[in-house]
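2 protein chains.
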Amino acid sequence: MSITINYNNMMAHKIGDKGFTWEQIVATKKQAIQALKTVQANRGLGMQGWMQLPHADKAEISKIKKTAKQIAKSCDYFVVLGIGGSALGPTAVFTAIKHLYFNQLPKKVRKAPQFYVIDNVDPERMNALFDIIDIKKTIFNVVTKSGATSETMAQYLIVLDMLKKELGDGYKDHIVCTTSQNRGNLIKIAKEEGFETFYIPDGVGGRFSELCPVGLLPAAVEGIDISAMLKGAAHMDRICKKADLKSNPALITAVLQYLSMKQGKNISVMMPYADSLKYIADWYAQLWAESLGKNKDKEGREIDPVGQTPVKALGVTDQHSQVQLYANGPFDKVVTFLEVGSFRGDTDIPQGCPDVPDVNFLCGNTLSTLLTNELFATRYALTKAKMANYTIKMDVVDEYHLGQLLYLFEMQTAYAGELLGIDTYNQPGVEEGKNATYALFGKKGYEAKAEELNNAPQDNQEYII
Amino acid sequence: MSITINYNNMMAHKIGDKGFTWEQIVATKKQAIQALKTVQANRGLGMQGWMQLPHADKAEISKIKKTAKQIAKSCDYFVVLGIGGSALGPTAVFTAIKHLYFNQLPKKVRKAPQFYVIDNVDPERMNALFDIIDIKKTIFNVVTKSGATSETMAQYLIVLDMLKKELGDGYKDHIVCTTSQNRGNLIKIAKEEGFETFYIPDGVGGRFSELCPVGLLPAAVEGIDISAMLKGAAHMDRICKKADLKSNPALITAVLQYLSMKQGKNISVMMPYADSLKYIADWYAQLWAESLGKNKDKEGREIDPVGQTPVKALGVTDQHSQVQLYANGPFDKVVTFLEVGSFRGDTDIPQGCPDVPDVNFLCGNTLSTLLTNELFATRYALTKAKMANYTIKMDVVDEYHLGQLLYLFEMQTAYAGELLGIDTYNQPGVEEGKNATYALFGKKGYEAKAEELNNAPQDNQEYII
């Protein structure tokens, strides 16, 4: 079954002038079809290598699975060292598919190594990790395309040193690299050291990398069915090619978000109603923010800054945190609900509190009914308050539907970027911060930046309390 | 030492016309002082009972500590059943103070029970919890002021049933209630059952409840120094009373956020640079969103909707996810950096990669230097891009500074609500969803709502893909 999208609550018949008529949507049809054609024409070219990932070579997938099996057998802990897309994708998929307290299950129940993603350079986090893993029983997956990601390479240096001290020459078996095949530092290091290595295709950027070895290797190590994920993505790819607003889910959601941005809705809330999908919202937040937050057009000309700010929410939990704002606050948001048709297990709410009608009405139902009813009710309330929202529904959370979902969001992002006329795949805005970091460390070549930092206007002590 | 606030990067001398001159700030001085006077005059009254919490009765704190000690001794798992403020505060404080993988440490290292907060009714989460705890060795803390919170009471019913089946009459020792002393369902149930009970003062709403037993009991069970937390909060209370923009941190940040909202900055990003403070951003998100997201003034008259949308980010991690948008996207945000002066432990980055200058420049430094330099550089880059930001710095993450921080945000919220002229303490926007949920369950008294739901406009199948 396919994921379905219900966007009635984006439309004028539901939310009046906060929504759209079909005529308003059709007015962008020409532009939308052009965006689709451009995106599809560039499939596999430039930074659109990610569009080919669902159709990966079977031999490559077999290699990943085979190595993953060996890794799973040979270690008790599998630790991803990566940041950004290298961390968010693996975390999202692991959380979606595996037990919600996986690392705390006994080994024989887990049947796969404990799983950690270390995506920060907080020393307290790093030290805490070493308190609970045995590095002699750990395999570290170092993930960086360029091998120049400071955070990941700092982690690599720390881990390498520890492994050498603990294991002597045996350290080589404890590091697996996922990096560019053709350039950068890590491939050079990996070859010299003889580390097992997987490749990130040139045309695949971090935030579009979940369906290449960046995401597939960790998933396969944990016993997740990566073939089903790719199959789901390939299915979604077929649907998202259609030059038709009424049957192409990525194209219609891109258009709806684009029109909403034009209306001044600068916030995109992603609200899954399932703990398992919580980190899908984090993964989407990077994809949407880094791809669309731009102040130059594709030709490099300055434009008024664009880009919605993604907000992560979780149903029902955040009904008790964010929904007051969503219901009564400004009309500056589009809420995307992620709904799950049926859960993998349920819990009965037993009889009790016969004298407390405020509680007793729940008895005899199940938790999933409570959650589903609350989603229905919250969606109803937001719609009644004329707050734009739509629902993406997946029948079940499994690898196949997850592959569909990830690819749907990637295609939506590609189409939205094209509609905005920006470069979806660059991230020039992070260069300034990177360069300033290099300058602070006295890195060669950044003397001018160091000088600039020295000459920057000083803080006025009057504005410090 | 006090927390310091540096708001230079909100000012025109740093970010030009995206910031403020001192004259612009002073223009709101009268209004700000009036807001302060109103808030202070209502200390302890109505829903401002939270302002008295830092000055709690010593006997009450002693009782919490004593019971907490007994709980810690008598169980291996301590599980909070609560949602909203009852969950967010305990999670934020636990994560800030305790080991980052606390639950996975051996018992003799932990010296306190494993700690879980179940703040959703996702059946997969509930089942997963029961897979890893032994309920015979678990104490459940049921937290709801009214005892009518459907999610928490559903959890209570499930747990009660399981405990009775496992332990017979012994179940009574496994439930501790935190609820209203005077009204509601849970106090009634607790008295009938003879459960140990702590009280939530009448004038303390969920999002302002961390410094009452809602937060203090779980913290004390885990060995967190709640007296130091309260001492920090009391210190901040003294500072935040001052009728002076230049020396009152809560008043100046409230004014800066208020003026930013007037400028159209409808997004408040909270970005701690420390894994330990990650969930402070979640706690703040509820406090800020539910308090300020309103469409009626204090007198109940309709106004244009107000309220910034809080966004949670984590440094340095989200530099690789959100900072592109923050640097190049629309000028619709205020970024609050949370900086830590010194970490509780550090990690050296050892020598290595001598032939790779892109990596080698890091060697001989520490992770905390890398993190601190990246914060400096990111802040510099955002300021250069004229993106409004300010920094809250705490010397160390400990109970005393944490108490300061929590109370600072509460006071800032109180002042901001007053400046906006809204009721900071209500949440009328969630009623519609609650009532619709009741109607879906066929709860008595909600027949009209059920009828309304039945008659709501149907979804048009044309808008479903």
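Line order of the protein sequences matches chains A and F. Going by this note's numbering, the residue at position 17 of the first sequence is 17; the numbering climbs one at a time, nothing skipped. Going by this note's numbering, the residue at position 382 of the second sequence is 382; the numbering climbs one at a time, nothing skipped. Ideal placement from N, C-alpha and C gives every residue a C-beta, glycine not left out.
| task | Using three-state DSSP, classify Leu230 (chain F) as helix, strand or coil. | result | In the structure shown, Leu230 (chain F) sits in a helix (DSSP, three-state: H, G or I).
| Through-space distance from Met51 (chain F) to Val39 (chain A), alpha-carbon basis | C-alpha separation (whole angstroms): 56 Å.
| field | Rounded C-alpha distance that separates Ala154 (chain F) from Lys434 (chain F) | value | Answer to the nearest angstrom: the Cα atoms are 15 Å apart.
| What is the C-beta distance between Asp282 (chain F) and Ala92 (chain F), in whole angstroms, given that I count them as a contact (C-beta under 8 Å)? | Indeed they touch by this definition, with Cβ atoms about 7 Å apart.
| field | Within chain F, the residues that Phe78 (chain A) reaches when beta carbons sit closer than 8 Å | value | In chain order: nothing, as chain F lies at least about 15 Å away.
| message | Nearest by alpha-carbon distance to Gly215 (chain F): which of F:Ile61, F:Thr347 and F:Tyr156 is it? | response | The shortest C-alpha separation from Gly215 (chain F) is found at F:Ile61.
| Whether Pro272 (chain F) touches Leu338 (chain F) by CB criterion (7 Å) | Going by C-beta atoms, Pro272 (chain F) is nearer than 7 Å to Leu338 (chain F).
| Grouping DSSP H, G and I as helix and E and B as strand, with all else coil, what is Thr21 (chain A)? | The answer is coil: DSSP assigns Thr21 (chain A) none of H, G, I, E or B.
| Near-chain F residues of the stretch 119–144 of chain A - C-beta to any C-beta below 8 Å | Of all residues in the stretch 119–144 of chain A, Asp119, Asn120, Val121, Asp122, Pro123, Glu124, Arg125, Met126, Asn127, Ala128, Leu129, Asp131 and Ile132 have a Cβ within less than 8 Å of some Cβ in chain F.
| message | Please return the same chain residues whose Cβ sits closer than 6 Å to the Cβ of Glu210 (chain A), not counting the five positions on each side in sequence. | response | Cβ neighbours of Glu210 (chain A) beyond the five flanking positions: Gly89 and Leu406.
| query | Beta-carbon separation of Ala148 (chain F) and Asn185 (chain F) under 7 Å? | reply | Yes, the pair counts as a contact, with Cβ atoms nearer than the cut-off.
| message | For the beta strand (DSSP E) containing Leu81 (chain F), name the first residue and the last one. | response | Counted as a single uninterrupted DSSP element, the beta strand (DSSP E) harbouring Leu81 (chain F) occupies residues Tyr77 to Leu81.
| the stretch 173–192 of chain F touching the stretch 370–389 of chain F, judged by at least three CB pairs closer than 8 Å | Counting Cβ pairs under 8 Å, fewer than three are found: no touch.
| Is Ser86 (chain A) buried or exposed, if buried means 16 or more other CB atoms sit within 10 Å of its CB? | Burial call: buried.
| Every unbroken alpha helix (DSSP H) inside the stretch 304–338 of chain A [4 residues or more] | The qualifying runs are 323–328.
| query | Relative to the C-alpha of Gly470 (chain F), which residue among F:Asp17, F:Pro457 and F:Ala414 is closest? | reply | Nothing can be reported for residue 470 (chain F), as the shown portion of chain F is limited to 1 through 465.
| said: Residues of chain A with CB closer than 7 Å to the CB of Tyr400 (chain F), please, in chain order. | reply: What Tyr400 (chain F) touches in chain A: nothing, since even the nearest Cβ is about 18 Å away.
| message | So that I know if they touch, is there some Cβ in chain F lying closer than 7 Å to that of Val221 (chain A)? | response | Chain F contact via Cβ: absent.
| request: Would you kindly work out how many angstroms separate the C-alpha atoms of Lys278 (chain F) and Val221 (chain F), rounded to a whole number? | output: Rounded to whole angstroms, the gap between the alpha carbons of Lys278 (chain F) and Val221 (chain F) is 21 Å.
| Taking the Cβ atom as the reference point for each residue, do Ala323 (chain F) and Val430 (chain A) lie within a distance shorter than 7 Å? | According to the sequence shown, residue 323 (chain F) is Val rather than Ala. Contact flag set, yes.
| task | Pull up the distance between the alpha-carbon of Thr309 (chain A) and that of Gln319 (chain F), whole angstroms please. | result | Thr309 (chain A) and Gln319 (chain F) have their C-alpha atoms roughly 14 Å apart.
| field | Asp275 (chain F) at chain A interface by Cβ criterion, 7 Å | value | By this cut-off, Asp275 (chain F) is an interface position.
| request: Consider the Cβ of Asn8 (chain F): report whether some Cβ of chain A lies at a distance smaller than 7 Å. | output: Taking Cβ atoms only, chain A reaches closer than 7 Å to Asn8 (chain F), which makes this a yes.
| query | For Ala12 (chain A), which option in A:Met126, A:Leu371, A:Trp22 and A:Met162 has the closest C-alpha, if you only look at C-alpha atoms? | reply | Residue A:Trp22 is the option with its Cα nearest to Ala12 (chain A).
| query | Using a Cβ cut-off of 8 Å, which residues of the stretch 335–346 of chain F contact any Cβ in chain D, in chain order? | reply | No chain D is part of this structure, whose protein chains are labelled A and F.
| Any idea what DSSP makes of Tyr116 (chain A), helix, strand or coil? | Strand, per DSSP.
| request: Would you list, in sequence order, the uninterrupted alpha helix (DSSP H) runs of no fewer than 4 residues that lie entirely inside the stretch 363–450 of chain F? | output: Whole alpha helix (DSSP H) segments, 4+ residues: 367–384, 399–420 and 431–440.
| Thinking just about the alpha-carbon of each residue, which of F:Ser2, F:Met1, F:Tyr7 and F:Ala228 is nearest to the one in Gln461 (chain A)? | The shortest Cα separation from Gln461 (chain A) among F:Ser2, F:Met1, F:Tyr7 and F:Ala228 belongs to F:Tyr7.
| request: Would you verify that the beta carbon of Met153 (chain A) is, or is not, closer than 7 Å to some beta carbon of chain F? | output: Met153 (chain A) belongs to the set of residues whose beta carbon lies under 7 Å from a beta carbon in chain F.
| task | Tell me the start and end of each unbroken alpha helix (DSSP H) in the stretch 161–187 of chain A that is at least 4 residues and wholly inside, in chain order. | result | If we require 4 residues or more, the stretch 161–187 of chain A turns out to have no alpha helix (DSSP H) run fully inside it.
| task | Give me the Cα-Cα distance between Gly445 (chain A) and Val316 (chain F), rounded to the nearest whole angstrom. | result | Roughly 23 Å between the two C-alpha positions.
| task | In the DSSP assignment, find the beta strand (DSSP E) that holds Glu196 (chain A) and state where it starts and stops. | result | Counted as a single uninterrupted DSSP element, the beta strand (DSSP E) harbouring Glu196 (chain A) occupies residues Glu196 to Ile200.
| Best match in F:Arg238, F:Val306, F:Ile226 and F:Lys231 for proximity to Lys262 (chain F) [C-alpha to C-alpha] | For the residues F:Arg238, F:Val306, F:Ile226 and F:Lys231, the minimum Cα distance to Lys262 (chain F) belongs to F:Val306.
| Nearest residue (CA-CA) to Lys296 (chain A), options F:Ile83, F:Gly329 and F:Ile118 | Closest option to Lys296 (chain A), Cα to Cα, is F:Gly329.
| For Met229 (chain A), does the count of other Cβ atoms within 10 angstroms reach 16, so buried, or fall short, so exposed? | Counting Cβ neighbours within 10 Å, Met229 (chain A) comes out buried, since at least 16 surround it.
| Ends of the alpha helix (DSSP H) at Lys278 (chain A)? | In the DSSP assignment, Lys278 (chain A) falls within the alpha helix (DSSP H) that extends over Lys278 to Leu292.
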